[in-house]
Every structure is written in C-alpha cells, then in structure tokens.
Amino acid sequence: MYWREVAGNWFLVPENPIAIVHFLGGAFVATAPHLTYRWLLEALYREGYCVIATPFVNTFDHSAIAAEVQTTFEQGLLFLRKQVLGNRYLPIYGLGHSMGCKVHLLVNSLYDVERAGNIYLSFNNYPARKSIPLLEQFVAFAPTFQLEFTPSPEETLALIANRYGVRRNLLVKFRDDTIDQTRPLSEVLCRRFPDLTTVQILKGSHTTPIAQDVAWKAQDSFSPLDAVGQFFKQEFYRDLNQLKRTILQWLEPFPVEE
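Numbering (our numbering), first residue to last: 27 to 284.
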C-alpha cells in the first residue's frame, strides 16, 4: 500500500476497486489528508475503495475553495479513468469531515456533479468569528473591518435547501463533539430527501476521524502504566472501528466483518 500524488490529489488505488471515495478534511488539517486521516482512509482502501483525497488551504472564500477542489478532483479523476479504469464505471461517494463537509456541500450545490451519495462527519458551519481564534478580538478593535466566510452559514444552508441534489446522504455526529452542527444540516436534508437521509450518533469527539494508530508496546514487566496505555488503545480502536463499520455498512449495506 502506498500513497501517490496525482494532479494535486493523493491517491490510494486497490487492484480491483469497487467504488471511488472523494475525501475532504477539516480546516486546519486539510492540507495533508493522506497523513492526518491516514488510518480511516487506508481502512477504506483495504475494503476495496479507491480513495482520492484532495488537499485545500482554508480561506474566507469557501466558494472559491469549492471551485478549486472540484477542478483538482476532476483532473485526478480524468487520470484515473485514462490510466486505470478505462471504460469501467465506478460510483463516486463524497466523504467530508468538519469544514470538508461544507466544501462538499458547496460543490454539490454549485456544480453539476455525479455522486452516488455523500457522507458528512462532524459538519461545522460556524461563522468566522467563532471559527478563527482571536478574530473576535480583532474585529472588536476594528468594527468597520468585516470578515465573514463566503457564503455565510445562513447562505450555505439556504443554498443547500434550494440547490443540493444528491439524494442519498449519511450524517455522523459524535457524542462528545462540542462544535458539531449536524442538526441544522440534517433538518435541511431531511426535508429535501426524507427517505434517503440517515443520521448516526456515535461515540467519539470531533477529532475521532483524525485519530491515528497507537503503537503502545507493554514492557517485559506489565505495569499500571501499561494497563492505562492498553485501555486508551482499546478505546481508540473502539471509536474508530465503529466509525469505519458505520461508513462501510452505509456504502454497502450488508454485514461488515470486524
């Protein structure tokens, strides 16, 4: 298994892929998704999914990010079809975490794209003042200097309500996620596609999707510290494996092996 950079995307391509997963990460970890989300994405690869992870740099203009991401992805997809797939058809699923959810939602609302479905983990749609540290204090000293994401949170939900066209969606909220905004998104999508929008609440936090392998090796003499380390490793795998199973069962709704 190895990652390959193609046209600005990071690829994992199994020998006989069953579908394509287009991944977008959160605001401050989206520049290297093949590293920050390695465990989750490689788990999907091992199940036969071709992973295309598109990096992006966060700015205030989220519409521009969506346009750049879509262009980059299309270039990578063109390479995949020419060099690997040929005339073979594979369904495409979007997978996003935090701000990556918003970018996927904008792509699917602003452009005519083909998606078999989308998965949204820990959707976040806060205004700029709440999302960026110290911005609130900066604006307090310069009240005429207005900074807000484009589109704004309200405009984003309105755009989804009017133009989002992907019928099948999975929304995942983690119980200990204090910045999750899945509920307003679920209300919009459930009104548009009531029979094909699924909401799952899982154990974990906002950072669960970026958790990595915990390489804890017990000493020759098992100590209390080793016991604590093994406990956290078990908790780590429990949350991540539950997330992996939830995604796979939604992608292919049949029992998934442990």
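Just so you know, even glycine gets a beta-carbon here, dropped at the ideal spot from N, CA and C.
Closest residue to residue i among the options (Cα-Cα distance)
i      : options                        : result
Cys127 : Leu147, Leu116, Asp138         : Leu147
Lys199 : Arg141, Leu183, Gln268, Asn188 : Gln268
Phe49  : Glu278, Trp276, Pro235         : Pro235
Val95  : Pro81, Ile145, Lys108          : Pro81
Tyr75  : Pro210, Lys229, Pro117, His232 : Pro117
Leu132 : Leu111, Glu181, Arg107         : Glu181
Asp87  : Val192, Leu173, Arg264         : Leu173
Val55  : Pro220, Ala93, Val192, His232  : His232
Ile78  : Glu31, Val192, Ala90, Ser89    : Glu31
Val192 : Pro177, Arg218, Ser178, Tyr115 : Arg218
Thr224 : Arg194, Tyr263, Thr204, Pro210 : Arg194
Leu70  : Asn84, Pro40, Val110, Ser89    : Pro40
Glu278 : Asn113, Gly112, Val83, Val47   : Val47
Leu61  : Phe175, Trp36, Thr85, Lys229   : Trp36
Lys229 : Lys270, Leu106, Leu274         : Lys270
Tyr190 : Asn113, Cys216, Leu106         : Cys216
Asn42  : Val110, Thr204, Trp29          : Val110
Tyr63  : Gln101, Trp29, Thr85           : Trp29
Assumed close pair residue i, residue j - CB separation to whole angstroms, cut-off 8 Å
i      : j      : result
Leu66  : Leu266 : 7 Å
Asn134 : Arg141 : 6 Å
Asn144 : His130 : 6 Å
Asp206 : Phe149 : 7 Å
Thr98  : Gly34  : 4 Å
Thr272 : Gln238 : The pair is not a contact, with the Cβ atoms about 19 Å apart (cut-off 8 Å).
Leu136 : Ala92  : 6 Å
Phe175 : Pro210 : At roughly 15 Å, the Cβ-Cβ gap does not stay under 8 Å, so Phe175 and Pro210 are not in contact.
Residue i vs residue j beta-carbon contact at 8 Å
i      : j      : result
Glu73  : Leu38  : no
Ser212 : Leu222 : no
Ala45  : Tyr119 : yes
Val214 : Leu183 : yes
Leu185 : Pro179 : no
Ala187 : Met125 : no
Those residues which DSSP pairs with residue i across a bridge
i      : result
Phe49  : Ala79, Leu121
Thr223 : Asn195
Tyr32  : The amino acid at residue 32 is misidentified as Tyr; the sequence shows Val. In DSSP, Val32 forms a bridge with Asn35.
Tyr146 : Gly122, Leu197
Leu228 : Phe200
Cβ-heavy atom distance, residue i to the ligand GTP, below 7 Å
i      : result
Lys229 : No copy of the ligand GTP occurs in the structure displayed, which carries no ligand at all.
Ranges of the beta strand (DSSP E) found wholly within the stretch 169–208, counting only runs of at least 3: Listed in chain order, the complete beta strand (DSSP E) runs (minimum 3 residues) inside the stretch 169–208 are 195–200.
Entirely enclosed beta strand (DSSP E) segments - the stretch 55–111, minimum 3 residues: Entirely contained in the stretch 55–111, the beta strand (DSSP E) runs reaching 3 residues are, in chain order, 75–79.
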